[in-house]
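Student: My questions all concern the structure below.
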Amino acid sequence: MLPVSVYTERTARLLRPTAEALTALVRGLGHPGDRFLVAGRVPDLPDVYFRRAGTRG
123 MLPVSVYTER TARLLRPTAE ALTALVRGLG HPGDRFLVAG RVPDLPDVYF RRAGTRG
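Quick note on numbering: the sequence shown equals residues 123 to 179 in this note's numbering.
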């Protein structure tokens, strides 16, 4: 499990996902209802995060 929490358009929050689960979320970006994700460290640090958005075209 990875020491991150992930927020997506589709799910409220995924805490400590496996590498495979995070990979699936990133690869699924761009589909309807899956346009972005935001991930941060666990424990949470202020203003430390990454954001990824995707579109399919």
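Yeah, the Cβ is synthetic: ideal placement off N, Cα and C, and Gly gets one too.
(1) Following a CB-centred definition, is Gly152 positioned closer than 6 angstroms to any heavy atom of the ligand NAD?
(2) Would you report the Cα separation of Arg132 and Gly162, rounded to the nearest angstrom?
(3) Going by CA-CA distance only, name the one from Leu136, Asp166 and Phe158 that's closest to Ala198.
(4) Quick one: measure Cβ to Cβ for Leu144 and Val128, integer angstroms, because I've assumed they're closer than 8 angstroms.
(5) Going by C-alpha to C-alpha distance, which of Thr177, Asp166 and Leu124 sits closest to Gly155?
Tutor: Reading off the structure:
(1) No copy of the ligand NAD appears in this structure; indeed no ligand is present at all.
(2) One alpha carbon belongs to Arg132, the other to Gly162, and they sit about 17 angstroms apart.
(3) Residue 198 falls outside the range modelled here, since the chain spans only 123 to 179, and no answer is possible.
(4) Their Cβ separation, rounded to whole angstroms, is 7 angstroms, which keeps Leu144 and Val128 in contact under 8 angstroms.
(5) Considering only alpha carbons, the answer is Thr177.
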